[in-house]
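Scroll down for the structure; my scribbles are underneath it.
There are 2 protein chains.
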Amino acid sequence: MHFDEPLLLQSGASIRAYDLSYETYGTLNVDKSNAVLICHALNASHHVAGVYLDETGHVKDKSEGWWDSMIGPGKPVDTDQFFVIGVNNLGSCFGSTGPMQVNPDTNEVYGANFPVVTVQDWVSAQARLLDVMGIQTLAAVMGGSLGGMQALGWTLQYPDRVRHAVVVASAPNLTAENIAFNEVARRAIVTDPDFHGGHFYRYGVLPKRGLRIARMIGHITYLSDDVMNEKFGRQLRQTVDLQSSVGEPCEAPPQAGVDASAGSALQPAKRDAYKYTTQEIEFEIESYLRYQGDKFAEYFDANTYLLITRALDYFDPASEFGGDLSRALAKARAKFLLVSFTTDWRFSPARSREIVKALLDNQRDVSYAEIDAPHGHDAFLLDDARYIGVVRSYFKSKVAV
Amino acid sequence: MHFDEPLLLQSGASIRAYDLSYETYGTLNVDKSNAVLICHALNASHHVAGVYLDETGHVKDKSEGWWDSMIGPGKPVDTDQFFVIGVNNLGSCFGSTGPMQVNPDTNEVYGANFPVVTVQDWVSAQARLLDVMGIQTLAAVMGGSLGGMQALGWTLQYPDRVRHAVVVASAPNLTAENIAFNEVARRAIVTDPDFHGGHFYRYGVLPKRGLRIARMIGHITYLSDDVMNEKFGRQLRQTVDLQSSVGEPCEAPPQAGVDASAGSALQPAKRDAYKYTTQEIEFEIESYLRYQGDKFAEYFDANTYLLITRALDYFDPASEFGGDLSRALAKARAKFLLVSFTTDWRFSPARSREIVKALLDNQRDVSYAEIDAPHGHDAFLLDDARYIGVVRSYFKSKVAV
């Protein structure tokens, strides 16, 4: 969807014209009351459910939407009943206007000049998309992690346009530690000589070293200590079950996890026998992380990484109210489902409970589920029966139109 | 101390000749029974206590030993009573033979060719130093974090040469998450174009970008979420108390925390007013981390960082016993004091309790203190009254000769 009217951003800058990539699933009903907006987190897109077909009509490999376990016909967010909208956010790198695209004012690629965007800006842009679709009120807005911040943001910016908000594995703002991890990742990218101050496109290079490090740090924080120990522990390379997977797309065969810059060929290790090396892979967890980093650096835009982590850092609805979240959430009119995961140390249950408490302080209708899942922050993307069941129940009994 | 007899390493490699830098404090008694060996962690040295004087007899700025709160006349490890030895480990960069020095076999700087050293190798080298000093039995061996691993290693390699082992904020091995953080730090260093496969000395450059990232990651894991929130929270730059400090040497005035590679001059931020920037410093925590990274990159050797983090990864006395720590510790004859800190998520109290349990399984004499300190892993270096008091009591009542 193309938008010609400029969007004034929270920073004071504006985007003159922009596109939003989106997908929809199911059918909008006659009174346009069954729309569910899905907000994505750091590295996801508008492709939230279903699969793509290739020219011959076959399902494309790995084309499954990132929340396909949650959304579809007969699924918790049932597309036989709801009209689901996935939208790629401004500044991202999956089709919506972002740093990789040309700034119409200068005819140059935005690069580092793409304006800083916030959760508030994304919500404003999403609202315009709904305006064009003629959707006045959402049956629900839903997201996990940074997506949950957008869902919460919706209830504050457009309190009368949201009936339900489903906020999963999220937080009312980032802690100092959260910001710290984001900052290290950003520094890794920005100090990569191939970053060129954010204008690497001009040089025909990509700051892959930095992106790899950023992704490796991210992955550590997405998983729990427990699941890492269970899945990888201290296993040496090639002793782990290659078929098993953990967390976010972890389809990595460990032998693929070779970073050419290590500068030496890898030898298979005997079980429980160290190779005594500082640069080669010794433990399975290293192989996994390198693979994840390599894969990410192939497809993700470095400037987008900076922008999206900054949007996380900046989100803080209580800041206007002297840090009082209860006062900040007084504006919300929606009904809420909050979900957190016990082993999520990135956005811990305590952070969700802060939101629950602030909503209850305002006599809001709020359901809260704390899921005892082992997978850490990544749990919000996974097919945990209790989690899926809670969302299913909520949509069936509360959101149903 | 120079050693001419080759040291055979755990890897099978050997070092033909080497030096160990060491310092001693106090006086060795006649029967040589009052020696206490202090083992250092990642970035420390043999300079564990006291201060240095300059040529004019004045105390040099910031020349205080890294465990000066613990060791000295009248302190918990009382140098009026004990003969304390600090020794810099092989592979480190503070005087003992390491990657920055010339390999006598090739007449070239070792660089990445320095052999991989382990906790076991360090303990062997330390034992040789004691041999030369004529010390058969240590009153105590003591260390925190990686230093605690060495102390534990002493009780297994030389069970008859250690009367007491004081193991602080340590673990019987690293978890997958611990290894993961080490690996990301190593990758940041190894993929820095200035690393040159570990032979950067030849090129007159230092892989400072990688070292900065490594140190920033390290720092996050040394501090607790709580102390980060208390000290920095979401404060914007220049709103924090510049005089206050946290954790390891955090004497950083935040305005010093500028990384030139960010490419733009920093403007002072108004309180609670965002600058909307992805590359400049916005939050105080960012300033703190950048400063710590910059400082570290000035003085620490990149190959040493790889070696020492690998020594951490490799330590695992239970591995020879199918993972059974109780069987592994059956060899130990020493009496033990274990100390952990409640907010230490790098080496959590649960890891110390594993050691306590395994020692009790062997009917060993073990004291254990779990200190409710807010400072995370760094607490082992800080002047917490309960912690200092426990060590004082232990040395007074148990170690005293």
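Protein sequence lines correspond, in order, to chains A and B.
When we follow this note's numbering, the leftmost residue of the first sequence carries the number 1, and every step to the right adds one.
When we follow this note's numbering, the leftmost residue of the second sequence carries the number 1001, and every step to the right adds one.
Glycine residues also receive a C-beta, built at the ideal position from the N, C-alpha and C atoms.
So which residues on chain A does M1100/B lean against when the C-beta distance must stay under 8 Å?
Under the 8 Å cutoff, chain A gives no residues; its nearest Cβ is about 15 Å from M1100/B.
G1086/B, enclosing beta strand (DSSP E) - first and last residue:
Where G1086/B is concerned, the enclosing beta strand (DSSP E) stretches over 1083-1087.
Chain-ordered residues of the stretch 1180-1205 of chain B with a beta carbon less than 8 Å from chain A
Hits within the stretch, in order: A1180, F1181, E1183, V1184, R1186, R1187, A1188, V1190, T1191, D1192, P1193, G1197, G1198.
Do you know offhand how far S11/A's Cα is from L306/A's?
In a straight line, the C-alpha of S11/A is about 16 Å away from that of L306/A.
Are the CB atoms of A1311/B and L1329/B nearer to each other than 8 Å?
Not a contact, by the Cβ cut-off of 8 Å.
Give the range of the beta strand (DSSP E) segment to which Y22/A is assigned.
Taken as a continuous stretch (DSSP letters only), the beta strand (DSSP E) holding Y22/A covers 22-25.
Tell me, please, whether the CB atom of V1116/B is closer than 8 Å to any CB atom in chain A?
V1116/B counts as touching chain A.
Closer than 8 Å is the cut-off here; do at least three beta carbon pairs connect the stretch 288-307 of chain A with the stretch 197-216 of chain A?
Remark: three or more beta-carbon pairs, one from each stretch, lie closer than 8 Å, so the stretch 288-307 of chain A and the stretch 197-216 of chain A are flagged as touching.
Thinking C-beta only, is I1371/B closer than 8 Å to L1405/B?
This structure gives no information on residue 1405/B, because the portion of chain B shown stretches from 1001 to 1401.
Report the rounded CA-to-CA distance for I388/A versus G1098/B, giving the unit in angstroms.
When only Cα atoms are considered, I388/A and G1098/B end up about 54 Å apart.
Tell me which residues share the same chain as D1226/B and place their Cβ nearer than 7 Å to its Cβ, disregarding the 5 neighbours each side in the sequence.
So the list reads T1343, P1374, once near-sequence residues are dropped.
Per-residue burial, S1397/B [other beta carbons within 10 Å of its own, 16 or more giving buried]:
Its Cβ having fewer than 16 others within 10 Å, S1397/B is exposed.
Does the stretch 1076-1092 of chain B come within contact of the stretch 1029-1044 of chain B, defined as at least 3 CB pairs closer than 8 Å?
With the cut-off at 8 Å, the stretch 1076-1092 of chain B and the stretch 1029-1044 of chain B touch.
Where does the unbroken beta strand (DSSP E) through Q135/A begin, and where does it stop?
Gln is not the amino acid found at residue 135/A; the sequence shown has Ile there. Run containing I135/A: none; DSSP gives neither H nor E here.
For a quick check, are the C-beta atoms of N103/A and D316/A less than 8 Å apart?
No, the Cβ-Cβ distance between N103/A and D316/A is not below 8 Å.
Just to confirm before moving on: does the CB-CB distance between F395/A and R364/A stay below 8 Å?
Against a cut-off of 8 Å, the Cβ pair of R364/A and F395/A comes out as no contact.
For I15/A, I'd like the list of residues in its chain whose CB is within less than 6 Å of its CB, leaving aside the five on either flank, ordered along the chain.
Within the same chain, Cβ atoms closer than 6 Å to the Cβ of I15/A are found at L7, the five residues on either side in sequence being excluded.
Using 8 Å as the limit for Cβ to Cβ distance, is F1300/B near chain A?
Chain A has no Cβ within less than 8 Å of the Cβ of F1300/B.
Quick one: which unbroken beta strand (DSSP E) runs of 3-plus residues sit fully inside the stretch 1121-1200 of chain B? Chain order, please.
If one requires a minimum length of 3 residues, the beta strand (DSSP E) runs lying completely within the stretch 1121-1200 of chain B are 1140-1144, 1164-1168, in chain order.
How far does the alpha helix (DSSP H) with E1230/B in it reach, from first residue to last?
First-last of the alpha helix (DSSP H) with E1230/B: 1225-1231.
Counting along the chain, where does the beta strand (DSSP E) carrying Y1368/B start and finish?
Counting along the chain, the beta strand (DSSP E) containing Y1368/B begins and ends at 1366-1371.
With DSSP as the reference, label E354/A as helix, strand or coil.
DSSP places E354/A in helix when its eight states are reduced to three.
Chain B contacts made by the stretch 217-243 of chain A, where a contact means CB separation under 7 Å:
Under the 7 Å Cβ criterion, the stretch 217-243 of chain A contributes I217, I220, D225, M228, N229, F232, G233, R234.
Count the other CB atoms within 10 Å of the CB of D1121/B; is the residue buried (16 or more) or exposed (fewer)?
Buried, because 16 or more other Cβ atoms sit within 10 Å of the Cβ of D1121/B.
List, in order along the chain, the chain A residues whose C-beta lies closer than 8 Å to that of L1306/B?
Going along chain A in sequence order, the residues near L1306/B (Cβ under 8 Å) are T278, Q279.
What's the gap between the Cα of Y222/A and the Cα of G1322/B?
Rounded to whole angstroms, Y222/A and G1322/B show a C-alpha spacing of 30 Å.
Could you have a look at Y110/A and say whether DSSP puts it in helix, strand or coil?
Y110/A falls in the coil class under three-state DSSP.
Taking only beta carbons into account, state which residues of the stretch 1149-1177 of chain B come closer than 8 Å to chain A, listed in chain order.
For the stretch 1149-1177 of chain B, which is checked against every Cβ of chain A, the residues closer than 8 Å are N1173, L1174, T1175, A1176, E1177.
Closer than 8 Å to chain B by CB, V258/A:
The predicted position of V258/A is uncertain, since its pLDDT is 32 and thus under 50; no value can be drawn from it.
Please classify K1075/B as buried or exposed, where buried requires at least 16 other C-beta atoms within 10 Å of its C-beta.
K1075/B is buried by the Cβ-count criterion.
Taking 8 Å as the CB-CB cut-off, is D361/A touching chain B?
Interface with chain B (8 Å Cβ-Cβ cutoff): D361/A is excluded.
Given a threshold of 16 other Cβ atoms within 10 Å of its Cβ, counted over all protein chains shown, does N1107/B qualify as buried or as exposed?
With fewer than 16 other Cβ atoms within 10 Å, it is exposed.
Note down the Cα distance separating Y1203/B from N1303/B, rounded to an integer number of angstroms.
Straight across, the Cα-Cα distance linking Y1203/B with N1303/B is about 15 Å.
Element boundaries [alpha helix (DSSP H), containing I285/A]
Per DSSP, I285/A is one residue of the alpha helix (DSSP H) stretching across 284-299.
Just to check my reading of the structure: L1020/B and S1096/B have Cβ atoms closer than 8 Å, yes? What is that Cβ distance to the nearest angstrom?
About 5 Å separates the two Cβ atoms, so the contact holds.
Skipping 5 residues on each side, what residues in its chain have a beta carbon closer than 7 Å to that of V390/A?
Contacts found: V339, A369.
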